[in-house]
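Protein chains in written order, with our numbering: chain A, 1 to 190; chain B, 1001 to 1269.
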């Protein structure tokens, strides 16, 4: 190998230094950035895989719930209210227990704008619909009527209740009951 | 002999010559050449190292870039496998379960209050009217107007309400009035008697009278029941069973083993 002159050697060393400074070092930096990105993507992929696995488990758990139980759940908290059906159910209960109804009517959606009500709605997130009813009968039969209301397949919660005496030894029961509706209706559970 | 003389003469002449003697530079030349050679090797090495490292990092960058692309493809695939519909189903189911559990945990039984009131009401005292108002999901405010013949009964009833009931709290007896009111006896004869009217007000925490499907009164009556819910239709056998009235029309049989639909609901949840 023929020795280079001193100036050429210095130029070579400067060139090598320039290569290192202007190419190798920035490329190393880029590689570091890319590796960080790879790590982040890998972590995100792990999280997505974990989420997918969790979702698959939850879907499997959901599917394991029997159709009848899911139907009961939807019955207990329907997505929408069929007020005619509710009126009919209350009427059937009144007839079944032998009480005479004078009024059974749908009042409307229960709107309570107080702070406590808003907190309660945030917690339960259901919409209440109010029904008003007025039935007459003996004390025992009225109790049976209330018992049937409580045992209904969907909640008929007594909000207000008033017993008062009428002629002939009967009692008049005036009550407002509310039923709950879950407003979520995007996807069917069945 | 002559050779020795010649040598001596030459040595002496060289010492005495006016021509400057040239110093020997062989050692210096060899040292400089060696330094240049080392520098040459170093410069070559540095240059080759720089070129090799440049090529290496370029290849490695290419490799890592490919790896990054693969990771992006894998992540994209994993994200695409996420089913929004399944997620919505699970969310809805979870929300419905939470709401249903919340409702079940706050379902008060008015019948339980009436039963308790029956238990703690002293015999000669009559309930004229009764009001129950639910205060959201926390408690029920009960107002009962009692009537009795003697004021001692009112005092006794106050003590019973305060001491003998575990359900009723904050019992307040108020509006005690002594009146002459018409009372109808069993033979439907109206008579006028002295009466003491008083009002009892108390609250019942919802948690104290939670509806228990297992202990619910099951009225075994009803014939043409077809409970139609907004989403499903339930056959009569699922809701209310056929009537079995006793001879005494007032007595209503209760069937403990009757199919409590709410029990099923609670079990489902």
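Where a beta carbon is used, it is the ideal one built from N, C-alpha and C, also for glycine.
If you're wondering where the values come from, they're calculated on a predicted model, not measured in any experiment.
* Give the range of the beta strand (DSSP E) segment to which residue 180/A is assigned. => Mapped onto the first chain, residue 180/A falls at position 180. Counting along the chain, the beta strand (DSSP E) containing residue 180/A begins and ends at 171-181.
- Contacts around residue 1207/B, its chain only, beta-carbon distance under 6 Å, and the 5 residues preceding and following it disregarded: Stepping through the second chain from its first residue, residue 1207/B is reached at position 207. Taking residue 1207/B as the centre and dropping the five residues before and after it, the same chain places no C-beta closer than 6 Å to its C-beta.
Going along chain B, which residues have a C-beta under 7 Å from residue 64/A?
-> For this step, residue 64/A is matched to residue 64 along the first chain. Under the 7 Å cutoff, chain B gives no residues; its nearest Cβ is about 12 Å from residue 64/A.
How about residue 1200/B and residue 1156/B: are their beta carbons less than 8 Å apart? The residue given as residue 1200/B occupies position 200 in the second chain. The residue given as residue 1156/B occupies position 156 in the second chain. No, these two residues do not count as a Cβ contact at 8 Å.
Report task. Would you grab the beta carbon distance between residue 146/A and residue 104/A for me? Rounded to a whole angstrom, and I think it's under 8 Å. Result -> Reading the first chain from its first residue, position 146 is the one you call residue 146/A. Reading the first chain from its first residue, position 104 is the one you call residue 104/A. In fact, because the Cβ distance is near 14 Å, the residues do not count as touching under 8 Å.
Would residue 1140/B and residue 1112/B qualify as a contact pair, given that the criterion is a beta-carbon distance under 8 Å? Start at 1 with the first residue of the second chain, and residue 1140/B comes out as number 140. Start at 1 with the first residue of the second chain, and residue 1112/B comes out as number 112. No, they are not a contact pair.
query = With DSSP run on the structure shown, which of helix, strand or coil describes residue 109/A?
reply = By one-based count along the first chain, residue 109/A stands at place 109. If DSSP states are grouped into helix, strand and coil, residue 109/A belongs with the strands.
Worksheet item: Which one or two residues does DSSP pair with residue 137/A in a beta bridge?
Response: To locate residue 137/A, count along the first chain from 1; it is residue 137. Answer is 171/A, bridged to residue 137/A.
Notebook entry, point to check: How would you call residue 1062/B, buried or exposed, if buried means at least 16 neighbouring beta carbons within 10 angstroms?
Noted result: As a position in the second chain, residue 1062/B is number 62, starting the count at 1. With fewer than 16 Cβ atoms within 10 Å of its Cβ, residue 1062/B is classed as exposed.
Q) Looking only at C-alpha atoms, which of 162/A, 159/A and 48/A sits nearest to residue 1075/B? A) For the purposes of this step, residue 1075/B is taken as the residue at position 75 of the second chain. When each option's Cα is compared against that of residue 1075/B, the closest is 48/A.
Original post:
For a contact meaning CB atoms closer than 7 Å, what does residue 7/A contact in chain C?
Top reply: This model lacks chain C altogether, as its protein chains are A and B.
What residues in the region 9-21 of chain A have a beta carbon less than 7 Å from any beta carbon of chain B?
9, 12, 13, 15, 16, 19 and 20
Next on the checklist: Tell me which residue opens and which closes the alpha helix (DSSP H) that residue 1125/B is part of.
Outcome noted: Numbered from its first residue, the second chain carries residue 1125/B at position 125. Here residue 1125/B belongs to no alpha helix (DSSP H), and DSSP marks it neither H nor E.
Residue nearest to residue 57/A in terms of C-alpha spacing, selected from 1047/B, 1049/B and 1086/B:
Mapped onto the first chain, residue 57/A falls at position 57. It is 1086/B.
(message) Cβ closer than 7 Å: which chain B residues qualify as neighbours of residue 58/A?
(response) Within the first chain, residue 58/A is the residue found at index 58, counting from 1. Near residue 58/A (Cβ distances below 7 Å), the residues of chain B are 1090.
Quiz item: Would you call the CB atoms of residue 63/A and residue 99/A closer than 8 Å?
Solution: The residue given as residue 63/A occupies position 63 in the first chain. The residue given as residue 99/A occupies position 99 in the first chain. No. Outside cutoff.
Between residue 108/A and residue 130/A, is the Cβ-Cβ spacing less than 8 Å?
Taking the first chain and counting its residues from 1, one reaches residue 108/A at position 108. Taking the first chain and counting its residues from 1, one reaches residue 130/A at position 130. Yes, the Cβ-Cβ distance between residue 108/A and residue 130/A is below 8 Å.
Practice task
Consult DSSP for residue 1174/B and reduce its assignment to one of helix, strand or coil.
Solution key: Your numbering for residue 1174/B matches position 174 in the second chain. Strand, per DSSP.
Chain-ordered chain B contacts of residue 27/A [CB-CB under 7 Å] = On the first chain, position 27 is the one that residue 27/A refers to. Here the neighbours are 1057, 1058 and 1061.
Exercise. Measuring CA to CA, which of 149/A, 11/A and 82/A is closest to residue 95/A?
Worked result: Here residue 95/A corresponds to residue number 95 of the first chain, with the count starting at 1. Comparing Cα positions, the closest option is 149/A.
*asked:* Between residue 127/A and chain B, is any beta-carbon pair separated by less than 8 Å?
replied: What you label residue 127/A is simply residue 127 of the first chain in a count that begins at 1. Chain B contact via Cβ: absent.
Determine, for residue 1043/B, whether the minimum Cβ-Cβ distance to residues of chain A falls below 8 Å. Within the second chain, the letter at position 43 stands for residue 1043/B. At least one chain A Cβ lies under 8 Å of residue 1043/B.
Quiz item: Which whole-angstrom value describes the C-beta separation of residue 110/A and residue 85/A, a residue pair presumed to lie in contact below a C-beta threshold of 8 Å?
Solution: Within the first chain, residue 110/A is the residue found at index 110, counting from 1. Within the first chain, residue 85/A is the residue found at index 85, counting from 1. Actually they do not touch by this definition, with Cβ atoms about 18 Å apart.
ask   = Using the rule of at least 16 other Cβ atoms within 10 Å of the residue's Cβ for burial, across every protein chain shown, is residue 1148/B buried or exposed?
value = As a working mapping, residue 1148/B is identified with position 148 in the second chain. With 16 or more other Cβ atoms within 10 Å, it is buried.
* Counting Cβ pairs, one atom from each stretch, are 3 or more of them under 8 Å apart for the region 1096-1103 of chain B and the region 169-185 of chain A? -> yes
Practice prompt. Could you spell out where the beta strand (DSSP E) holding residue 158/A opens and where it closes?
Written response: Along the first chain, read from residue 1 onward, the residue named residue 158/A stands at position 158. Residues 157-165.
| Cutoff 8 Å: residue 1200/B Cβ touching any chain A Cβ | Residue 1200/B sits at position 200 when you count from the first residue of the second chain. No, residue 1200/B lies away from the interface with chain A (no Cβ there is under 8 Å from its Cβ).
- prompt: Within the 8 Å Cβ cut-off, does residue 1204/B reach chain A?
  reply: Along the second chain, read from residue 1 onward, the residue named residue 1204/B stands at position 204. For residue 1204/B, the answer is no, since every Cβ of chain A falls outside 8 Å of its Cβ.
With a threshold of 8 Å, are at least 3 pairs of Cβ atoms found where one atom belongs to the region 1157-1174 of chain B and the other to the region 1056-1071 of chain B? No: fewer than three Cβ pairs fall under 8 Å.
| From the DSSP output, which residues share a beta bridge with residue 1133/B? | Taking the first residue of the second chain as position 1, residue 1133/B is located at position 133. BP columns for residue 1133/B point to 160/A and 1141/B.
- Task: Pull up the CB-CB distance for residue 163/A and residue 156/A, whole angstroms please, since I reckon it's below 8 Å.
- Result: Taking the first chain and counting its residues from 1, the one referred to as residue 163/A is at position 163. Taking the first chain and counting its residues from 1, the one referred to as residue 156/A is at position 156. So it is not a contact: roughly 18 Å between Cβ atoms.
Practice item. Determine the burial state of residue 1168/B: buried for a count of at least 16 other Cβ atoms within 10 Å of its Cβ, exposed for fewer. Key: Within the second chain, numbered from 1, the residue matching residue 1168/B stands at position 168. Buried.
Legend entry - Contacts of residue 1072/B in chain A (Cβ-Cβ under 7 Å): Here residue 1072/B refers to the residue found at position 72 of the second chain. For a Cβ distance threshold of 7 Å, residue set 41 of chain A lies close to residue 1072/B, ordered along the chain.
Q) Using a Cβ cut-off of 8 Å, which residues of the region 1126-1140 of chain B contact any Cβ in chain A, in chain order? A) 1127, 1128, 1129, 1130, 1131, 1132, 1133, 1134, 1136 and 1137
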